[in-house]
Every structure is written in structure tokens, then in C-alpha cells.
Amino acid sequence: MTRVLIVGNGPSAHRLAETLTSKGFAGSVTILGEEPRGAYDRVALTTHLTEGRDLAYPDIPGVTVFVDTKVVSIEPAAKTVNGSIPYDVLVLATGSAPFVPPVPGRDLDGCHVYRTIDDLDAIRTSAKTATAGVVVGGGLLGLEAADALRGLGLETHIVEMSPWLMPRQVDEGGGAVLKKHVESLGLTVHTSSGVLGIEGGERVTGLRTPDKGLIEAQVVVFSAGIRPRDELARGAGLQVGERGGIVVDDGMRTSDPSILAIGECALHDGQIYGLVAPCMTMAEVAADRIMGGQAAFTGADLSTKLKLLGVEVAQFGAMAGALDVTYLDPVAGVYKKLFVSDDASTLLGGICVGDAAPYTTLRSFVGAELPAAPSDLLFSPTAVELPGDAPVCSCNNVTKNDVTAAIKEHDLTDVPGIKACTRAGTTCGSCVPLLKKILTESGVDTGSGLCEHFAHSRAELFTIVQVRGITTFTQLIDEHGTGRGCDICKPVVASILASLHNGHVLEGEQAALQDTNDHFLANLQKNGTYSIVPRIPGGEITPEKLIVIGEVARDFGLYTKITGGQRIDLFGARVEELPRIWRRLVDAGFESGHAYGKALRTVKSCVGSTWCRYGVQDSVTLAIDLELRYRGLRSPHKLKSAVSGCARECAEARSKDFGIIATEKGWNLYVGGNGGFTPRHADLLVQDVDTATLMRTIDRFLMFYIRTADRLQRTSAWLENLEGGLDRLRQIVVDDALGICADLDAQMAAHVATYADEWRATLDDPVKLRRFVSFVNAPGTPDPTISFTTERDQIKPEILQVMSR
Amino acid sequence: MTQTTVLETAGERVWEPVCPLPDLLPERGACALIGGEQVAVFRAHDGSLYAIGNQDPFSGAYILSRGIVGTRNGEPTVASPMHKQVFSLISGVCLDDPGTVIPTFPIRVTMGMVEVSVK
Numbered sequence: 068m069t070r071v072l073i074v075g076n077g078p079s080a081h082r083l084a085e086t087l088t089s090k091g092f093a094g095s096v097t098i099l100g101e102e103p104r105g106a107y108d109r110v111a112l113t114t115h116l117t118e119g120r121d122l123a124y125p126d127i128p129g130v131t132v133f134v135d136t137k138v139v140s141i142e143p144a145a146k147t148v149n150g151s152i153p154y155d156v157l158v159l160a161t162g163s164a165p166f167v168p169p170v171p172g173r174d175l176d177g178c179h180v181y182r183t184i185d186d187l188d189a190i191r192t193s194a195k196t197a198t199a200g201v202v203v204g205g206g207l208l209g210l211e212a213a214d215a216l217r218g219l220g221l222e223t224h225i226v227e228m229s230p231w232l233m234p235r236q237v238d239e240g241g242g243a244v245l246k247k248h249v250e251s252l253g254l255t256v257h258t259s260s261g262v263l264g265i266e267g268g269e270r271v272t273g274l275r276t277p278d279k280g281l282i283e284a285q286v287v288v289f290s291a292g293i294r295p296r297d298e299l300a301r302g303a304g305l306q307v308g309e310r311g312g313i314v315v316d317d318g319m320r321t322s323d324p325s326i327l328a329i330g331e332c333a334l335h336d337g338q339i340y341g342l343v344a345p346c347m348t349m350a351e352v353a354a355d356r357i358m359g360g361q362a363a364f365t366g367a368d369l370s371t372k373l374k375l376l377g378v379e380v381a382q383f384g385a386m387a388g389a390l391d392v393t394y395l396d397p398v399a400g401v402y403k404k405l406f407v408s409d410d411a412s413t414l415l416g417g418i419c420v421g422d423a424a425p426y427t428t429l430r431s432f433v434g435a436e437l438p439a440a441p442s443d444l445l446f447s448p449t450a451v452e453l454p455g456d457a458p459v460c461s462c463n464n465v466t467k468n469d470v471t472a473a474i475k476e477h478d479l480t481d482v483p484g485i486k487a488c489t490r491a492g493t494t495c496g497s498c499v500p501l502l503k504k505i506l507t508e509s510g511v512d513t514g515s516g517l518c519e520h521f522a523h524s525r526a527e528l529f530t531i532v533q534v535r536g537i538t539t540f541t542q543l544i545d546e547h548g549t550g551r552g553c554d555i556c557k558p559v560v561a562s563i564l565a566s567l568h569n570g571h572v573l574e575g576e577q578a579a580l581q582d583t584n585d586h587f588l589a590n591l592q593k594n595g596t597y598s599i600v601p602r603i604p605g606g607e608i609t610p611e612k613l614i615v616i617g618e619v620a621r622d623f624g625l626y627t628k629i630t631g632g633q634r635i636d637l638f639g640a641r642v643e644e645l646p647r648i649w650r651r652l653v654d655a656g657f658e659s660g661h662a663y664g665k666a667l668r669t670v671k672s673c674v675g676s677t678w679c680r681y682g683v684q685d686s687v688t689l690a691i692d693l694e695l696r697y698r699g700l701r702s703p704h705k706l707k708s709a710v711s712g713c714a715r716e717c718a719e720a721r722s723k724d725f726g727i728i729a730t731e732k733g734w735n736l737y738v739g740g741n742g743g744f745t746p747r748h749a750d751l752l753v754q755d756v757d758t759a760t761l762m763r764t765i766d767r768f769l770m771f772y773i774r775t776a777d778r779l780q781r782t783s784a785w786l787e788n789l790e791g792g793l794d795r796l797r798q799i800v801v802d803d804a805l806g807i808c809a810d811l812d813a814q815m816a817a818h819v820a821t822y823a824d825e826w827r828a829t830l831d832d833p834v835k836l837r838r839f840v841s842f843v844n845a846p847g848t849p850d851p852t853i854s855f856t857t858e859r860d861q862i863k864p865e866i867l868q869v870m871s872r
Numbered sequence: 400m401t402q403t404t405v406l407e408t409a410g411e412r413v414w415e416p417v418c419p420l421p422d423l424l425p426e427r428g429a430c431a432l433i434g435g436e437q438v439a440v441f442r443a444h445d446g447s448l449y450a451i452g453n454q455d456p457f458s459g460a461y462i463l464s465r466g467i468v469g470t471r472n473g474e475p476t477v478a479s480p481m482h483k484q485v486f487s488l489i490s491g492v493c494l495d496d497p498g499t500v501i502p503t504f505p506i507r508v509t510m511g512m513v514e515v516s517v518k
């Protein structure tokens, strides 16, 4: 069995291990990483600092990872590392180290680099006691670091040696537009400026420049380029480049055939690659070679498109040419330039600042004949149809043909489907608009209808019902649909009517729309019995109420289990028993927990500052208030929430649709989290807000979700598909960019004002109670097919006979 | 189990009363226990009545009377509340798996009373 040992645990190493596993590699794969954590998405590093986002990559099954493990030596003759760890194939994915210019004072407290999560955590700590910061280096990473310092509330300076920012991606004209953008955000840019030294005692007090004097700052971040980490390779006698980098061939092999190198430490054809896309390609080439293939790395497209400090910047192909066509709008801050051959027929490259739309389509035309006049291309590039072999996602090397083929083969209808099948759009995400365009080109109706009865999406039906004031399913399907509905559209319409009008879900015609769970206000289990979950707001319950639940369960012979949402589930009730069970629960002060509905389930909480030594806010009171506010709110799918009283996060709020974590100053609100089939950590929507602001923001978030989500789309998938993502959501629910917040507020106020307990109302209504029988012609008779055995002193359903076919 | 049509044949059929017609909610089912047989009865939006076996052949549970009633290409249907397979109320054929067929029974209204025949 081949033993593959990977040194380094960055994105390249992760991709290599992942590719080997997914291709069914039969040997063992072991990763040694020096960082104290597993692999994470370095490209999104800044979001860790400003939004606290969790960047960890998922674990790869079958791959052994040792963190906190530094490799100090390789013994190529013995095929071991650190003198004892054996390998058959060794892959060096040691990455690079930030280059820190040898200026005096560079080791002072407050000086940092920008590379790892630990670096970022250190910057955050320094920033707490600082008012100003300087970034040395105005390249891609430097601007990202500057954005991070700005996000931490520091007055921020950028010092760049070149006469303009991002000299590797834009020319002087683009640099001028970029500088204006950056300065409009309140940052100070010092171009054509070197660094004489860092001043201070133990702690940094400033940075000295030759002609701008002293820039006062308590934090300095060096972002002046990277150097490949080739020290291990040097020690092992492998061939390295004159200016660093482990020399590799097209198969990623070093001068020792058993040792490969990939990523930022590898020197291929005299070139080091610091962008994520070529590093991923190297990882895939290495995987193929390890498995006996002949894949080759033949250099990479260094095109870049990114959004920094809110400005889109893109560069593709050459940065010079015989002729160029330039568009400049200094007011809007847009600069676009195309380079073409001297006969103006061939596209050579381009630069965009402020609007990167030409990048997505035109990049694939580099070296080819121009598809239209250059000036047209600068204005409406999306009208151009891409050739089939055009790379769509360069991070994962996916062409338009690959995407089109996947759409056909797997009947894909949306972007998440394309992501899952091709990986396109899963790394930097810049090609997602293009993926949508290809879907449309492939004849996929991306605004597909709900089912055969309605050609509308759920969101469209919601608007129709709201605007036209429709109150019944019959009116809606007569005027806007065909047939008499089905198990897909009926519950959707029931949910929309309930969200908008908040009447009893079993009232009149609405009763016929409900799924069996809503119809019997309980959860159907596998043997045809139902389970019951009384609401226990925030998970707080008195001993008296606990005793009532215990007595009810004992008297009706129910199986009891504690749920994940801090409630108690009672299983094994027959239909005809439900009203009698609920009579006792309602009399004891319980109400419906809506475990059966697409509705708010529970707001879980930790014990909070009332009891806990570490709690900073009263999480239990907030959880109860939230649960009582949103109880009974019908939504496209179930809603879960939690409140943690401090950053230790014992309530696991970030796995919820909306989760709240207490801070010293107030509350942080996270949205779009999920456990379940596709786990996702919730994203930070607002920070350090007071309770009133928090509730208002949640009101709007929930109502906006209810209005616009698809059927059975949890907030996590909804947020991922929301055009403009989290930023757009914030603009809508915080800054009221659509002018709908007053509406959303009013809708939630109406919900809160009209809430009534469904079970209490049902018990008071003999008509609604009539459905709770096993047999309409023998109301007192229990279903004879339901029977139980005993396990661990509780009931358990007998296995049912499935009819033979 | 053989399929039967809604047509009444000569005198040998036995009709069992189930419930008064108003007790059947439009587009909602109910279950009747007739001689040990569980029969799911439905009332469609246009007033037509249907009777099928109550057992869901996929899960084995007796629950089809609690499914959502609707139409597929105009054919009246019920969806199993367990795992959502859709059955024709006319033929008992599972439209998502035509090899699976559940029994259907004749149903009628006499003097305002819904009646079903299981033999």
C-alpha cells in the first residue's frame, strides 16, 4: 500500500488529499500541519477577522491529519521525515512566508504579518489598544489587510513603494481610480514611499518614511510579498531556485522522484504562483501522478478578479498591447481598458477597476478574435456568448462545456446543483453570475414553477396572495393555477395564508391544505401514531410542569425523550388520544410547541448570566422573549434559534437559522446557520446591538425570508442563493435599501398581536375535534394494527408488515 | 385483492354505512373500519367520492386517509403522509411506482349517508 505523506496543511494540501480520496486512492494519506488547527480557507481570511467567520474546511474521511506538528528534516535516502515518519511519496505543500523587509524595529510589539488565523487573532488583540494602523505594501493582500484594520476601527494608512496601488494588477490610470475609491473610505494612501524604520519602545508608536515623516500608529502589518518556504527542501538537498522555490517539473516532481511539491512553495518554469487557482491545479496534477496518471501542469492564467474595500478589480491577459481602448468615468470611479493587437482584431488583455463585468466574459477571448467592437465589449460584455471551451471557473479549472454537460447529464436546475457536480463556483465564487447565464442558455427555466398546478415560485405566490388579498386556496388556484393542487402546493399555500393572515390552520378550507402533521397538530411517526411536543420556552421549566408531563406520559403510556431543542417529546399517542392528552397539558399551562409545523420550533438557551460564572448577558430571558414573540409563525421551512450568554457559545447558536451570542456591549446576531444534512455556520448580521435593535432586525430578517424563500428552503440555502448575499441582506433589513422595512415591521407586529394557541382553540371547538378519531364509523375504537413492545422500560412500536407486491 | 369499479352490480353487493355526507370534509379523507378492513374514504372538490385501502404499502402503516388530496394531470389523487408517494383515487395505482396497486372499493351516498362495499 502506497503511503502518501503531505507536509503542510493549507488549501493545496487539503485539495490534494480530497482529490486522492474522491478518486478512490487505495493507499494511505497523512497530513502533517504546523498550525494548531486543521486546514482552512485562507482566501477568505479577512472574513474571520471582521465577521468572525469559521473558515475550517470539512474533514476528509480516511485522511489522517496531525496538527501542531512541525517537520524539521527530510531523509530522502531512508524515505522518512523527522527521522522516523516513513513515506513512499512525500508531497511538500509548505506554502510561503510573508516577506518582512529588514527595517529596524520590525520585531516590536504591534508588528504583524497577514497569513494565518493566529496572525489575525494577534492583530485583533493589538488593535484593541490601538487607534491607528499602517499596512506596508499596497498589493492585493495589503489592501485586504488594510480593509481588516479599518474593520477593527483603526485609522488606517497604506504605504506602497510603487507609484500606484496594486501594481501587479492595474496600470497607472487604474491605480489612480483605485486610490480614489480607497481614500473615499477614509484610508490614507502613501504611494512612492519606502520605509525607514519602525519606531517605539516595546510597543510600536509609528512608522518612519523618507519624505512623509512619521506616521503615528500602534499596529503595523507587513504585506510586502511572499517568500516560498523551501528550507526543508534545501536541507534535504533538493534543487531550489536562485531566488527560492522548490524546482518542480510538469508532473510536480522535485529533483528527488519520490518527492513532489505543490502550491506556493513550488517553482515551476521559473515562476512561483501565489494565487489559489494555479495551486489547486498543481494539487490535482499531483494527485493524478500519484495514482499513475500523466497529468501535467503547464503554467497558469494569472487573471484575477476580486472585490477589495468594496471595489471590483480585475485583470486578465497581458497588461500592455499595441493598441488600447480605455473607458474612464472619474465620477463613478470606473476604469476599464482593453489591450488589442495592432490590427485591432485580437484581444490581448484588460484591466477593470470599479466594474469588473468585462472580466467574466472577455477573459476567455484572450488571444482570440474579438467577438465585437472593443467599445461595445467595454459597455455590455454580458451580451457575448461564450465559446464552449472557455474557462468558466478558473479556481477549479471548469469550462463552459463541463458545466453544460453536467446540466444535461444530471438535469440540473440551479447553481447549487452545478456547484455540487462540477465544483465551479465553490472557491472564490466570482463565476456564479456566469453559471446562472449558462443555465439560462441551456434552456433551464431558472424561475421554475412550484408543481404542475402553479407556474409560480413560492415567492411569486406570496406576492400574489398578499397584493390581491386572496384568502382561500380555491380562489388562488382558480385564478392563478390549474387542477386541484397536490401535496406540494397545498401546504405551501397553507403556509402563505397562515403567514399573512395568522388564522387557525384548521379553519374552513385551510384544513384540507395541511400535511397530516398540521392536520392533527402532532408529528406522525412510523407506525401511524403521533408524538407531542409542548412548548417549553427557552428550555426553562418548573418542577410542577415537569411533573405534569411525567404524569401525562405515564397515564397514556407514552415513550418520552428529551429533544435536541431542550424540550420533551411524548411518543406513541393514537389520533383519538390527542385531544385528551392536550386537555391535561393545556390545563396545566402548556401550549402547542409547533413541532409539527413549518414554523418556529424552539429558542434554545444556555443558563446565562443569572447563574453562570462566565455569562455576560441574560440569555434565558432573551430566549423566552424571542420564543414567545415568534411562536406560531408559519414559514417556508422550520425555524430554529438559540441564545448564548457569552462567547463560549454553549447554546450552539451559530448552527441555527437565527442565533444570538451575548457580548460585553449587547448582542451579536448570526443568521443562516444549519445543522442537518448540509451543516453551515451562521453569518454575523449585526454586532453589539441592544435588545430592541436585535428584535427589530430579527423581525425583518424573518419576514423577508418568509416573503422570498422557496418552498422548504431553510434560511441557510436561502441566504446562499440571495443575490448579493449577506451584504445585500444587511442593506435590506438594516439600511432599508428596498424601502420595505416598515411593511415587514407591521407584518410581524400583526403576527405577535394575533397569535393564539392552536391546541387551546382546537379543544374549544367541537367541529375541529371531530377529526380526532381512528374510525369515522366507530369513534371509540382504537386502530387495532397499532401495537407496542417494551424496551428499557418504555414502549416501542412493533414492526409493521409491508404489503407484498 | 381484485379491483372493483364503482358500478353497482346486481343485488349480491353488501353496503355498509360509514358516516353522514357532511361529516366528510371536502378534499380530506376519513377512515372506516368495515368487518376488520380499514377503508379510506375521500370527498373531492367536485363532490365525487372515492374509497381505497387505508394501508400505505410502502410503510405498512394504516394512514392513507390522512394524506393530502389533489390531482395529477386531472386524475384525483391522495399522497401518502408517510413518504409522499401519490396514489390514484380511481384505480389505486401508485403514480410514482405503477407496479404498486392498492385496493379500491365501491362507494355511494344513500339518503345522505355515505356507504362503502367491501364485498
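So the sequences go chain by chain: A and B. If you use the numbering used here, the first sequence closes out at 872, no skipped numbers anywhere. If you use the numbering used here, the second sequence closes out at 518, no skipped numbers anywhere. Beta carbons: idealized from backbone N, C-alpha and C, even for Gly.
| Check | Outcome |
| --- | --- |
| For B/GLY428, the residue or residues it bridges with in DSSP | B/PHE441 |
| Endpoints, beta strand (DSSP E) assigned at A/ASP133 | As written in the sequence, residue 133 of chain A is Phe, which differs from the Asp given in the question. From DSSP, the beta strand (DSSP E) with A/PHE133 extends over 130-133. |
| Spatial distance of A/ARG781 from A/LEU706 (CA atoms) | 8 Å |
| Proximity below 8 Å, CB of B/GLU467 to CB of A/ASP554 | A small fix is needed here, since residue 467 of chain B is Ile in this sequence, not Glu. Cβ atoms of B/ILE467 and A/ASP554: closer than 8 Å. |
| Status (buried if at least 16 other CB within 10 Å, exposed otherwise) for A/ASP545 | exposed |
| Selection of the stretch 461-478 of chain B by Cβ proximity to chain C, strictly under 9 Å | Checking the listed chains, one finds no chain C in this structure; the protein chains it contains are A and B. |
| CB contact below 8 Å: A/VAL559 versus chain B | no |
| Within-8 Å CB hit, A/LYS665 to chain B | no |
| Residues from the stretch 516-541 of chain A in contact with chain B, defined by Cβ distance under 8 Å | GLU519, HIS520 and THR541 |
| Interface residues of the stretch 574-593 of chain A facing chain B [CB-CB below 7 Å] | ALA578, ALA579, ASP582, THR583, HIS586, LEU591 and LYS593 |
| Rounded separation between A/ARG104 and A/ARG82 - CA only | 16 Å |
| For A/ILE648 and A/ILE603, believed in contact at Cβ under 8 Å, the rounded distance | Their Cβ separation, rounded to whole angstroms, is 16 Å, which puts A/ILE603 and A/ILE648 out of contact at 8 Å. |
| Chain B within 8 Å of A/ARG872, Cβ atoms only | Low local confidence applies: a pLDDT of 43 at A/ARG872 is under 50, so the model's placement there is unreliable, with the coordinate-based value given in what follows. Yes, contact with chain B. |
| Simplified DSSP assignment, three categories, for A/ASP481 | coil |
| Inter-residue Cα distance where the pair is A/ILE439 and A/LYS467 | Per the sequence shown, residue 439 of chain A should be read as Ala rather than Ile. Each residue's alpha carbon lies about 20 Å from the other. |
| Closer than 8 Å to chain A by CB, B/ALA439 | no |
| Any C-beta of chain A under 8 Å from that of B/MET343 | With chain B represented from 400 up to 518, any question about residue 343 of chain B goes unanswered, as that position is not in the structure. |
| Contact set for A/ILE866: own chain, Cβ-Cβ below 7 Å, skip 5 residues either direction | none |
| B/THR491 at chain A interface by Cβ criterion, 8 Å | Note that residue 491 of chain B is Gly in the sequence shown here, rather than Thr. B/GLY491 does not count as touching chain A. |
| Whole-angstrom distance between B/HIS482 and A/PHE855, CA atom to CA atom | 22 Å |
| Of the listed residues A/PRO849, A/GLY455, A/GLU519 and A/ILE474, nearest to A/LYS503 (C-alpha basis) | A/ILE474 |
| Neighbourhood of A/VAL840 by C-beta distance below 7 Å, restricted to the same chain and skipping five residues each side | VAL642, GLU643 and PRO846 |
| Contact with chain A by B/TRP414, beta-carbon distance below 8 Å | no |
| 8 Å Cβ cut-off: residues of chain A touching B/GLY434 | The contacting residues do not exist; B/GLY434 stays about 11 Å from chain A at best. |
| Status (buried if at least 16 other CB within 10 Å, exposed otherwise) for A/GLN361 | exposed |
| Nonlocal neighbours in the same chain, by C-beta distance under 8 Å from B/MET512, ignoring five residues either side | PRO416, VAL417, CYS418, PRO419 and LEU420 |
| Neighbour list for A/THR852 in chain B, Cβ cutoff strictly below 7 Å | TYR461 |
| Buried or exposed by the 16-neighbour rule on C-beta atoms within 10 Å, applied to B/SER516 | buried |
| Proximity to A/GLY366 [Cα-Cα], best of A/HIS335, A/ASP355, A/ARG356 and A/GLU351 | A/HIS335 |
| Contacting residues, own chain, Cβ-Cβ under 6 Å from B/GLU407 (five flanking each side not counted) | Residue placement at B/GLU407 is poorly supported in this model, since its pLDDT is 46, which falls under 50; the coordinates still yield a value, given next. Around B/GLU407: no qualifying Cβ. |
| Near-chain B residues of the stretch 780-793 of chain A (beta-carbon distance less than 7 Å), N- to C-terminal order | none |
| Backbone CA spacing between A/ILE765 and A/ALA487 [nearest angstrom] | 31 Å |
| Sequence-distant residues of its chain with Cβ nearer than 7 Å to A/ALA828 (five each side left out) | HIS571 |
| Pairwise C-alpha distance: B/ILE462 and A/TYR426 | 57 Å |
| 8 Å Cβ cutoff met for A/SER290 and A/VAL202 | yes |
| Burial state of A/PHE744, where buried means 16 or more other Cβ atoms lie within 10 Å | exposed |
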